[in-house]
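Protein chains: 2
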Amino acid sequence: MLQLEVKIAAAKVAKYATGESGDTLEVIERPRGGLSLVLADGQRSGRAAKAISNIVARKAVALLAEGVRDGAVARAAHDYLRAIRGGKVSATLSILSLDLVTETIVISRNSHCPAIVVQGDTLLMLDEPSQPVGIHTWTKPLITELPLVPETYVVLYTDGLMHAGRRYGAQLDVPALVRTLLHEEGGAAQGVACDQGRPDDDISVVAVTASLAPADADVVRRLSIDFPVRVKRGC
Amino acid sequence: MLQLEVKIAAAKVAKYATGESGDTLEVIERPRGGLSLVLADGQRSGRAAKAISNIVARKAVALLAEGVRDGAVARAAHDYLRAIRGGKVSATLSILSLDLVTETIVISRNSHCPAIVVQGDTLLMLDEPSQPVGIHTWTKPLITELPLVPETYVVLYTDGLMHAGRRYGAQLDVPALVRTLLHEEGGAAQGVACDQGRPDDDISVVAVTASLAPADADVVRRLSIDFPVRVKRGC
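If you read the sequences in order, they're chains A and B. Taking the numbering used here, the leading residue of the first sequence gets 1, the next gets one more, and so forth. Taking the numbering used here, the leading residue of the second sequence gets 236, the next gets one more, and so forth.
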């Protein structure tokens, strides 16, 4: 048996001056072991987008928590959004699962945004075209299954990151950024520059890393969340 | 408007030599703003306990994600567990919500474990007796609502922590520990000593802190997870 440390880091920021991000990011335990990460980006921005991505993400989360396989979860999220919104609104949906039964990382994409995978010296762009959920008939996800081995890195993001800087003629090269960050301490989803501090769209980034645990590692699962809020009521 | 930083730190460890913790801890976004934390501790330990806490937690998470109010969520989780397991198994359930509509922290307890609240100089033990879910008729939660103001600290835990050290005649004084940790940098849920490294029960601890954001704080939400895993397949 090999002891691995899987670390997940995610960051989410709203489009400048909208307050609420239209992206929804959720993590849920898999009942047979492991966890799943769900990232949905609703069409439009602000409250309207949030309502759409919430529908998709919570359907996915509810099914994943019941042990439903990932491919069926993505299909169900599509069918559900299409049924209740009449095929008129779309969302992108990415699911990343750490499946301890198969000992794999499973990536399901219904998104035009690539997923970036680094294993050892190989950088792989998962960028085959896949349809967003909610619009067409029989939409299904593109699924990639990777062995859960040390030195595996996966980065997912929504199109706010893909297009970041476009307005300023300085589009971000995400794969190049990932290569750079991998060589920096803790260089995960945090600290990504975005549109000169005024994001042009909702941006979410998720990074997952699997590495050999040090000999003195414990088996405690840890979760930490930073959640900035604005309140009217004061001190 | 006041900018606050809400931080959540949680740690979860399985009973020694069982592998799988019987506790389930989930976090979900509230559709109208904010997030909810669900902590369920299933009767018994290992896989059996996990199956029970999973039923309770995923029912709660599914409803919270739909915007159902916390009191109704706890009642529904109870009714559901009782219905499908015939009133024969119990679980404790705690829900902590950061509700941005009411600007409050809402704590719903169906647990014999206290919640500890510190606001300013006041330490408050929420320890009125409340029933676990799954067994009796019409079980409902005890609900406490706190204003979301700076310098608020809330700690929740399962009974593995309450009873930690009991076997070694050195029971942990959790409220005293909380007081001590509050005065230490980042002294949240992390690093709690447990039964000489061999936990006698599943242990989960959640700490939530709300404080004034520094002037240069960003509005990026961040999530980070450490998830140690054992795999058969190797390098």
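Yeah, the Cβ is synthetic: ideal placement off N, Cα and C, and Gly gets one too. For clarity, every value in this text was computed on a predicted model and none was experimentally measured.
Short CB-CB distance (under 8 Å) between serine 459/B and chain A | Taking the second sequence and counting its residues from 1, one reaches residue 459/B at position 224. Among the residues facing chain A, serine 459/B is included, as its CB has a counterpart in that chain under 8 Å away.
Give the straight-line distance between the Cα atoms of arginine 304/B and threonine 327/B, rounded to the nearest whole angstrom.
-> Here residue 304/B refers to the residue found at position 69 when the second sequence is read from its first residue. Here residue 327/B refers to the residue found at position 92 when the second sequence is read from its first residue. Rounded to whole angstroms, the gap between the alpha carbons of arginine 304/B and threonine 327/B is 19 Å.
What is the DSSP secondary structure of leucine 237/B, reduced to helix, strand or coil?
-> Translated into the one-based positions of the second sequence, residue 237/B becomes position 2. Three-state DSSP puts leucine 237/B in a strand.
Give me the Cα-Cα distance between lysine 232/A and glycine 369/B, rounded to the nearest whole angstrom.
-> Numbered from 1 along the first sequence, position 232 holds the residue referred to as residue 232/A. Numbered from 1 along the second sequence, position 134 holds the residue referred to as residue 369/B. The alpha-carbon atoms of lysine 232/A and glycine 369/B are separated by roughly 39 Å.
Rounded separation between serine 439/B and lysine 88/A - CA only | Mapped onto the second sequence, residue 439/B falls at position 204. Mapped onto the first sequence, residue 88/A falls at position 88. Straight-line Cα distance between these residues: approximately 43 Å.
Rounded straight-line distance, which links the Cα of alanine 350/B to that of tyrosine 392/B = Here residue 392/B is taken as the residue at index 157 of the second sequence, counted from 1. Here residue 350/B is taken as the residue at index 115 of the second sequence, counted from 1. Distance between the alpha carbons of tyrosine 392/B and alanine 350/B is about 7 Å.
Indicate whether at least one CB of chain B lies closer than 8 Å to the CB of glutamate 103/A.
-> In the first sequence, the residue the question calls residue 103/A occupies position 103. Judged by the 8 Å Cβ criterion, glutamate 103/A is in contact with chain B.
Determine, using beta carbons only, whether leucine 64/A and valine 206/A come nearer to each other than 8 Å.
-> Here residue 64/A refers to the residue found at position 64 when the first sequence is read from its first residue. Here residue 206/A refers to the residue found at position 206 when the first sequence is read from its first residue. No, they are not a contact pair.
With 8 Å as the threshold, decide whether the Cβ of threonine 259/B is near any Cβ in chain A.
-> Position 24 of the second sequence, counting from 1, holds the residue named residue 259/B. With respect to chain A, the C-beta atom of threonine 259/B has a partner C-beta closer than 8 Å.
Could you confirm whether any beta carbon from chain B is found closer than 8 Å to the beta carbon of valine 118/A?
-> Working through the first sequence from its first residue, we reach residue 118/A at position 118. No, its Cβ sits nowhere closer than 8 Å to a Cβ of chain B.
Does the beta carbon of valine 455/B sit closer than 8 Å to a beta carbon anywhere in chain A?
-> Position 220 of the second sequence, counted from the first residue, corresponds to residue 455/B. Yes - at least one Cβ of chain A is within 8 Å of the one on valine 455/B.
Can you pull the chain A residues whose beta carbon is under 9 Å from the beta carbon of lysine 242/B, in chain order?
-> One-based indexing of the second sequence puts residue 242/B at position 7. Within 9 Å Cβ-Cβ: Ser224, Ile225, Asp226 and Phe227.
Of all the options Asp437/B, Ala445/B, Ser325/B and Glu301/B, which has the alpha carbon lying nearest to the alpha carbon of phenylalanine 227/A?
-> Mapped onto the first sequence, residue 227/A falls at position 227. Selected option, being the one with the closest Cα: Ala445/B.
Residue interval of the beta strand (DSSP E) (run including alanine 326/B) = Within the second sequence, residue 326/B is the residue found at index 91, counting from 1. 326-334 is the span of the beta strand (DSSP E), which, as asked, contains alanine 326/B.
Among Ser224/A, Val106/A, Val229/A and Val118/A, which has the Cα closest to the Cα of leucine 35/A?
-> Taking the first sequence and counting its residues from 1, one reaches residue 35/A at position 35. Leucine 35/A has its Cα closest to that of Val106/A, out of Ser224/A, Val106/A, Val229/A and Val118/A.
For isoleucine 243/B, count neighbouring C-beta atoms within 10 Å of its own C-beta (all shown protein chains included) and say buried if the count is 16 or more, exposed if not.
-> Position 8 of the second sequence holds residue 243/B. Flag for isoleucine 243/B reads buried.
Between lysine 15/A and aspartate 202/A, which are expected to be in contact by the criterion C-beta below 8 Å, what is the C-beta distance as a whole number of angstroms?
-> Residue mapping note: residue 15/A aligns to position 15 of the first sequence, counting from 1. Residue mapping note: residue 202/A aligns to position 202 of the first sequence, counting from 1. Right, their Cβ atoms sit about 5 Å apart.
Cα-Cα separation, leucine 237/B to valine 308/B = Here residue 237/B refers to the residue found at position 2 when the second sequence is read from its first residue. Here residue 308/B refers to the residue found at position 73 when the second sequence is read from its first residue. Leucine 237/B and valine 308/B have their alpha carbons spaced roughly 30 Å apart.
Under a Cβ-count criterion, where at least 16 other Cβ atoms within 10 Å of its own Cβ denotes burial, should alanine 292/B be classed as buried or exposed?
-> Locating residue 292/B in the second sequence gives position 57, counting from the first residue. When all chains shown are included, alanine 292/B counts as buried.
8 Å Cβ cutoff, glutamate 145/A in contact with chain B = The count along the first sequence starts at 1 and reaches residue 145/A at position 145. For glutamate 145/A, the closest Cβ of chain B is not nearer than 8 Å.
Beta-carbon contacts of valine 61/A that lie in its chain and below 7 Å, excluding the five residues immediately before and after | Within the first sequence, the letter at position 61 stands for residue 61/A. The answer, listed in chain order, is Glu26, Ile28 and Val38.
Verify whether the separation of the beta carbon atoms of arginine 456/B and alanine 11/A is less than 8 Å.
-> On the second sequence, position 221 is the one that residue 456/B refers to. On the first sequence, position 11 is the one that residue 11/A refers to. In this structure, alanine 11/A lies closer than 8 Å to arginine 456/B by Cβ.
Give a yes or no on whether the minimum CB-CB distance between leucine 274/B and chain A is below 8 Å.
-> Along the second sequence, read from residue 1 onward, the residue named residue 274/B stands at position 39. Leucine 274/B is outside the set of residues whose beta carbon lies under 8 Å from a beta carbon in chain A.
Determine whether the Cβ of glycine 187/A lies closer than 8 Å to any Cβ atom of chain B.
-> Counted from its first residue, the first sequence places residue 187/A at position 187. At glycine 187/A the pLDDT is 43, less than 50, meaning the model places this residue with poor confidence; the figure from the coordinates comes in the next sentence. With 8 Å as the cut-off, glycine 187/A does not count as an interface residue toward chain B.
Reduced DSSP secondary structure (H/G/I, E/B, other) of leucine 383/B | Counted from its first residue, the second sequence places residue 383/B at position 148. Three-state DSSP puts leucine 383/B in coil, outside helix and strand.
Would you please state the rounded distance, in angstroms, between the beta carbons of leucine 96/A and valine 208/A? I believe it to be under 8 Å.
-> Locating residue 96/A in the first sequence gives position 96, counting from the first residue. Locating residue 208/A in the first sequence gives position 208, counting from the first residue. Confirmed, Cβ separation roughly 6 Å.
Kindly list, in the order they appear in chain A, the residues whose Cβ is closer than 8 Å to that of methionine 236/B.
-> Taking the first residue of the second sequence as 1, we reach residue 236/B at position 1. At a C-beta separation below 8 Å, methionine 236/B has these neighbours in chain A: Arg230, Val231 and Lys232.
Is proline 31/A helix, strand or coil when you go by DSSP?
-> Sequence index remark: in the first sequence, residue 31/A carries index 31 (1-based). The three-state reading of DSSP puts proline 31/A in coil, since its state is none of H, G, I, E or B.
Backbone secondary structure at valine 409/B - three-state DSSP | Here residue 409/B is taken as the residue at index 174 of the second sequence, counted from 1. Judged by DSSP in its simplified three-state form, valine 409/B adopts helix.
Threonine 357/B: buried (16+ other C-beta within 10 angstroms of its C-beta) or exposed?
-> In the second sequence, the residue the question calls residue 357/B occupies position 122. By the C-beta density criterion, threonine 357/B is exposed, having fewer than 16 other C-beta atoms within 10 angstroms.
Report the neighbours of alanine 213/A on chain B: residues whose CB is nearer than 7 Å to its CB, in chain order.
-> The residue given as residue 213/A occupies position 213 in the first sequence. Within chain B, the residues near alanine 213/A are Pro463.
May I have the straight-line CA-CA distance separating aspartate 127/A from isoleucine 143/A, to the nearest angstrom?
-> By 1-based counting over the first sequence, the position of residue 127/A is 127. By 1-based counting over the first sequence, the position of residue 143/A is 143. Rounded to the nearest angstrom, the two C-alpha atoms are 11 Å apart.
Would you say arginine 279/B faces chain A, with C-beta separation under 8 Å as the test?
-> Here the question's residue 279/B lines up with position 44 in the second sequence. Any Cβ of chain A closer than 8 Å to the Cβ of arginine 279/B would place that residue at the interface, and such an atom is absent.
Taking Cβ positions only, does alanine 74/A come closer than 8 Å to chain B?
-> Residue mapping note: residue 74/A aligns to position 74 of the first sequence, counting from 1. No, alanine 74/A does not count as interfacial toward chain B.
Determine the DSSP secondary structure at serine 53/A, reduced to helix, strand or coil.
-> Along the first sequence, read from residue 1 onward, the residue named residue 53/A stands at position 53. Serine 53/A falls in the helix class under three-state DSSP.
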